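There are 2 protein chains.
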Amino acid sequence: MGALMLRHHALDTFMDPKSVAVIGVSRKTGQGSFNLIENMKAFGYEGKIYPVNPFAQEIMGLKCHRNIEEIGDSVDLAIISTPREEVPRIVKDCAGHGIKGAIVVPQGFADADADGKALQKQLTDISRNDGIRILGPNTLGVINAFSGFSSSFMPVRREKVPVGIICQSGIFFVGASTFTGMIGKGIDVANGCDLDFADALEYFGEDDDIKVIFLHIEGLKDGRRFFDVAKKVTRIKPVIALKTARTDQGAKAASSHSGSLVGAHEVFEAAFRQAGIISAKDPEEVLDYTKAFLYLNPMKGNRVGVLTFTGAGGIILLDTLEEQGLQMAELSSETIKTVKDLSPEWMPIHNPLDIWPAIMKHGMHSVSEQALKKLLQDPSVNALICIAIAPNPSQAFLDATDVIRETVAKQSDKPVVSWLYGPNQQAVSASLEEGGQVISLPTLPRAARTLGALYRRDGFLKQTHTDAPRFKVDPRVRELLNGLKEKGSSHIQGKKAFELLQGYGIPVVHSQFANELQGILKAAEGLGYPVALKISSAQITHKTDVGGLALNIGNRTEMESAYESMVEAVKTKSPRANIDGFLVQKMIGGGLEVILGAKRDPQFGPTILFGTGGIYTEVWKDIAYGIAPLSPEEARRMIRQTKSHEILKGVRGESGYDMDILVSCLLRLSQLMMDMEDIKEVDINPFGVFSEGGLALDARIIL
Amino acid sequence: MGALMLRHHALDTFMDPKSVAVIGVSRKTGQGSFNLIENMKAFGYEGKIYPVNPFAQEIMGLKCHRNIEEIGDSVDLAIISTPREEVPRIVKDCAGHGIKGAIVVPQGFADADADGKALQKQLTDISRNDGIRILGPNTLGVINAFSGFSSSFMPVRREKVPVGIICQSGIFFVGASTFTGMIGKGIDVANGCDLDFADALEYFGEDDDIKVIFLHIEGLKDGRRFFDVAKKVTRIKPVIALKTARTDQGAKAASSHSGSLVGAHEVFEAAFRQAGIISAKDPEEVLDYTKAFLYLNPMKGNRVGVLTFTGAGGIILLDTLEEQGLQMAELSSETIKTVKDLSPEWMPIHNPLDIWPAIMKHGMHSVSEQALKKLLQDPSVNALICIAIAPNPSQAFLDATDVIRETVAKQSDKPVVSWLYGPNQQAVSASLEEGGQVISLPTLPRAARTLGALYRRDGFLKQTHTDAPRFKVDPRVRELLNGLKEKGSSHIQGKKAFELLQGYGIPVVHSQFANELQGILKAAEGLGYPVALKISSAQITHKTDVGGLALNIGNRTEMESAYESMVEAVKTKSPRANIDGFLVQKMIGGGLEVILGAKRDPQFGPTILFGTGGIYTEVWKDIAYGIAPLSPEEARRMIRQTKSHEILKGVRGESGYDMDILVSCLLRLSQLMMDMEDIKEVDINPFGVFSEGGLALDARIIL
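Chains as they are written, first to last, in this note's numbering: chain A, 1 to 703; chain B, 1001 to 1703.
What follows is the structure, given as structure tokens:
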């Protein structure tokens, strides 16, 4: 532990205060009062509580103070539940009296109207200037079952479990049973005017009480800091995330071309993957993965052994295992022999190991124990799934939980999950889980997905991480960019765009610029037909859309007519576009069109993308994302993630394409984005890749 | 009801026998005995039971008979639990004594070794020849909670619920709580040596006790009959299916080119969709959809209104709604005003309708009731989701279930689902569901998916169904086919394949056949350069793989060199191929390459496919399937289902492509497959589609 090397953390004050001032607390108690002090006491808080309410003398036996000043004692933390207008003044007051932290409970800030947004901005400023840290607004605050402190005005259960949750809504405190199932410590960052995910994640990363961290994220303030903290914390303990507001964010981001590609959700997923965060796609996965990481051994390979009381169960499993990158283990001959000897002669024995016919011959207890023991010892098995019955108490002879629990307790270094079917699933599952070494999942697909998560975590921990390489680049790129900026250029295309890319060692197609027909014809002769002709205009983003692209021009006559139709088409379809000129390019056949792109994501900053290129890029949506700076491994992973990868490897008699050039160009693009903060977006589409080498065939850079 | 018009069904005997002979019943009773008669009596069977066991005098107070003969009374149904070898003899004996049906319980038939398969074949033959119907082998038989009959040797609960399940494993009887949750009637078709899914589906389709049917399918014997029965039954009542063994089947089917495309699972999905069966992708969907179809009103449009106690909940919903083709309703101004007046001034009011701030002001009961009433009346809302709290009994003031239940009871013609979060989800959900008009789902994504299923069912019932058209075709196609068959041709390519397609009105590219260079050159002159050159050989399936395809040949010199390299390449890469000759085709640019294909699926027979064509067809796997005969609506649906559809509509300045020609060709292909049983497979890839018209550019037909 201790890898983050923090001595004192801003959240200490929030999670374990010795004294709290509760400002704006109600006099009412009991049902429907949502009284914060009442809930705090019920939770077991034993520190000092100072109620502040100018209209009350006493609340729950505690003397009321009219204001902070009047407390006259040092206070660690303030919890504020007043109308929103009063909050900034009170926070300032708290800071003035040396209070280090404030939890701002009420709604009506950035979650509401313009006034609310302005009020929240004030809070951020106060926090920066007056040195007080703020959690919220719009928050239930924190829960700490270990210290016994909770600021939630909704009742929550106190359970000393090693699960830390960080969320943006009280729903994850109140509705924990649907999500993590339990909470040992919780931080509701909510609107996050000051303290945010990175702070809370850092805190739990350091906290030895916490073994599994769950994040509910709607949006991040500083994605880059979060990303950096997460990369460290996930090396120490598993972090599970449920990202919501996926489609909403997607819609927002869909405003421009590459905007719709770098949909925020895909970037989140890429950031999660790179940082080793386990992404849960629904609440069930949160529940299952939390339990798995708390109780199960790591999964050191992808081979699963299945012990089952039913043949059909094994088949249901197969469908999900494959999707998770897992496979049925080829069982050792010893395991097979053991079960074969117990089974009827006609029974084919293989994995999934259907022991029902053997049970009918020799009884449930003995068969289950022998088979399970062999599976646990079988070196070809990395994880086990047990499919057994959950009978009513009157049919307890069908209940295999004792055998499973005891056999696993004797010898297990593998994860063991189970699915119990029958009328008494909940009670029998609870009994199976008592030993703390086996978990029971409500369905087989969920059992398989849970093993998938364990396996991915093991893979992440085994990954080798190389730093992003530094390429030698042309120092004139910065000058060139500065020059363009000074001229007020924001959309760079054609020649200039190619120059910038070449400066970073990205190869570009041989091309010449011309601004009238004679120059174009001369350029084409020089390059040698066939050539392509492209319009160059800062106002034209998609050349194809306006007839600004002609390919495969074979000779002078064709060029003349291509030129005329292009000028005509562009005039009609984009009458206000300023035409800078034309780019004449050598036509190069036999390549595959991919897209290499980059963008500054509002949350994670420089982000690189790779995928299927050409004019149908947006139809195929076959794009992989990576957060810069990319490591070579990460660049390769991006390529592998796309369907283009199958084509790049070579299909149907083709010899395959040069993937090294793609890796190199992605890394160079990554370096360009890290070096040049002025570049907002790069879109190399198409980049033509060949059996050897590759070339940018078109490029667009936005400053 | 009664749409299937059956008087007496073979399964009547099985579901409601007046007398049963139980052959091979054990003398043991009690725990671990799996005694069938004991379970049958416990279930409540009141008919006559005749135990048959030559070694016992009496079982559970019933006189034992040594054999069927000895019973000396008429018996409706036999249940056989003997060692497998004895089963055929016993079934024959039963038939000889006038018994109409037999349930064969033991394992070890087609589920086991070669001997078992032979035994099962004997059973099928006996059933056909001796007029006895058989359920099984390897089955728990049937459950009928209404008549009180069950043949299951595993204990099952008797619940008179209108849910009928048809399955291939006892797991769905014993583990019902994981799947449908409950069973009113169940038929375990298991190995299906005689009675199969179509029979059972037909039976439940007719059965007024049953309102929702669930199918667990691993594989079908006669998919076409099943498909025809399903199309009728789904018009009367909802049918939900869980298809398992997906990947396994997929792997089996992946042996040849079109084999890997027409992966059986995709065909199943297409058949389900066409027949109006609701496909569940996991056990949770089975559970949720069953409940929804039992209790909820139909969903007449795709707009959802959300009442929520938490803002975060609404956001979680959005992600799944979109994926289901549903959308957040734009609420009426009256609904908005009602909630706005109750909320704090700063609160932005929209759908999802977050009523928490209003509750804090005016109390839970009153606000919930007013808002819900307005949502139920709001004409812009087709379905409702209520997100509320599931508190412990000590916090009952937070429990809105009474209000929700009562308000909905007063006025509801819309489906209302809810998600309750909090520590007491199960109990509070049960209380909410008591009224039988609202259902509670364990998570929000599941709530959204459940509404999606209701909405799709409504869409299916509204679909207009046109018959497949009959095109006038060239009668010589049959002669041509017969001729090819006589010559023993099985792989038809090039000229002959084009002739067959043209006979069915599918346009093909202008092309000429030649078998040496001089003929090729002449053909090319005639067609006019540029042309394509293609090898023609029955042994070469994928021309590209062996260098047997050259495109864009511009002149005589290019043709000479293309010819030489092709001959050379094919000799090297496919030395044993018999070269019939060469096809010279006019090159036609500007089209989009799609694939039109057909195959005889082992389960569903003639199946048509459409998708992205070209050499990367297998990379993109962008294929839609339809069971022939296709209706025009179905052909259009197939096209819409692919990503190619986006391109066909026209993107990025392109004008779009001729979809009518595609529909017409798919329908003609469908007719060809229905007419010509000798054709196993058709593969038109690529088919070039243009802004007007389209042409088969290459085709392969397998007999």
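Idealized CB from N, CA, C, for every residue including glycine.
Predicted model, so just to flag it, every value in this text is computed and none were measured.
Item: State the DSSP-derived secondary structure class of Phe-1471(B), mapped to helix, strand or coil.; Value: coil
Item: Return helix, strand or coil for Arg-1157(B), following the three-state DSSP convention.; Value: coil
Item: What is the rounded straight-line gap between the Cα of His-491(A) and the Cα of Ile-520(A)?; Value: 23 Å
Item: List the whole-angstrom C-beta distance separating Val-1163(B) from Val-1212(B), where the pair is believed to meet the contact cut-off of C-beta under 8 Å.; Value: 5 Å
Item: Check whether the Cβ of Glu-38(A) lies closer than 9 Å to any Cβ atom in chain B.; Value: no
Item: Figure out for me which residue from Pro-475(A), Gly-436(A), Pro-379(A) and Ser-380(A) has the closest Cα to the Cα of Asp-706(A).; Value: The structure shown has nothing for residue 706(A), since chain A only spans 1 to 703.
Item: Which partner residues does Thr-1443(B) have in the DSSP bridge list?; Value: Per DSSP, none; premise fails for Thr-1443(B).
Item: Are the CB atoms of Trp-419(A) and Leu-451(A) within a distance shorter than 9 Å?; Value: no
Item: How many angstroms separate the CA atom of Arg-1700(B) from the CA atom of Gly-1693(B)?; Value: 21 Å
Item: Which chain B residues are close to Phe-397(A), counting only those with a beta carbon under 8 Å from its beta carbon?; Value: Gln-1031 and Gly-1032
Item: Leu-342(A) CB to nearest chain B CB: under 9 Å?; Value: no
Item: Answer with buried or exposed for Gln-539(A), where buried requires no fewer than 16 other C-beta atoms within 10 angstroms of its C-beta.; Value: exposed
Item: Taking CB distances under 9 Å as the criterion, tell me whether Glu-1558(B) reaches chain A.; Value: no
Item: What are the start and end residues of each continuous beta strand (DSSP E) run of 3 or more residues lying completely inside the stretch 162-209 of chain A, in chain order?; Value: 163-167 and 185-188
Item: Answer with buried or exposed for Phe-55(A), where buried requires no fewer than 16 other C-beta atoms within 10 angstroms of its C-beta.; Value: exposed
Item: Quick one: what does DSSP say Leu-1732(B) is sitting in, helix, strand or coil?; Value: The question about residue 1732(B) has no answer, for chain B in this structure spans 1001 to 1703.
Item: Out of curiosity, what's the CA-to-CA distance linking Thr-244(A) and Phe-179(A)?; Value: 13 Å
Item: Name the chain B residues whose beta carbon is nearer than 9 Å to that of Pro-155(A)?; Value: Pro-1391, Asn-1392, Ser-1394, Gln-1395, Leu-1398 and Pro-1423
Item: Just reading off the alpha helix (DSSP H) that Asn-1144(B) is part of, what are its end residues?; Value: Segment 1142-1144 is the beta strand (DSSP E) holding Asn-1144(B); no alpha helix (DSSP H) there.
Item: So the candidates are Cys-1665(B), Ala-1264(B) and Cys-1193(B); which of them puts its Cα closest to the Cα of Asp-1601(B)?; Value: Ala-1264(B)
Item: With distances taken Cα to Cα, identify the nearest neighbour of Leu-307(A) among Ala-358(A), Tyr-295(A) and Gly-96(A).; Value: Ala-358(A)
Item: Hey, out of Lys-1231(B), Asp-1076(B), Ser-1152(B) and Pro-1344(B), whose CA is closest to Glu-85(A)'s CA?; Value: Pro-1344(B)
Item: I want to know whether the stretch 69-77 of chain A touches the stretch 46-53 of chain A - three or more CB-CB distances under 8 Å.; Value: yes
Item: Return no unless some Cβ of chain B is closer than 9 Å to the Cβ of Met-673(A).; Value: no
Item: Taking beta-carbon pairs under 9 Å, can you tell me which members of the stretch 1428-1448 of chain B lie near chain A?; Value: Pro-1442, Thr-1443, Leu-1444, Pro-1445 and Arg-1446
Item: Taking Asp-188(A) as the query, report the chain B residues whose CB atoms sit under 9 Å from its CB, ordered along the chain.; Value: Result: empty, since nearest Cβ-Cβ is about 10 Å, beyond 9 Å.
Item: Tell me, which residues are paired with Leu-1596(B) by DSSP?; Value: Phe-1610(B) and Ile-1684(B)
Item: What residues from chain A crowd round Ile-1315(B), counting only those whose CB sits closer than 8 Å?; Value: Glu-218, Thr-244, Ala-245 and Asp-248
Item: In angstroms, rounded to a whole number, what distance separates the CA positions of Gly-1101(B) and Gly-1219(B)?; Value: 23 Å
Item: What beta strand (DSSP E) runs, 3 residues minimum, are completely inside the stretch 1264-1348 of chain B?; Value: 1303-1308
Item: Could you check how far apart the C-beta atoms of Trp-620(A) and Lys-1643(B) are, in whole angstroms? I think they sit under 8 Å.; Value: 7 Å
Item: Any beta-carbon of chain A closer than 9 Å to the one on Lys-1337(B)?; Value: no
Item: Given a limit of 8 Å on CB to CB distance, which residues of the stretch 613-646 of chain A reach chain B?; Value: Ile-615, Tyr-616, Glu-618, Val-619, Trp-620, Lys-643 and Glu-646
Item: So Pro-1348(B) contacts chain A; which residues on that side make the cut at Cβ distance below 8 Å?; Value: Ala-112 and Asp-113
Item: Run through DSSP, which three-state label would Ala-251(A) get?; Value: Any reading at Ala-251(A) is ruled out, since the residue's pLDDT is 39, under 50, leaving its predicted position unreliable.
Item: If the cut is a Cβ gap below 9 Å, which residues of chain B does Ala-453(A) touch?; Value: Those within 9 Å of Ala-453(A) in chain B number zero; the least Cβ separation is about 16 Å.
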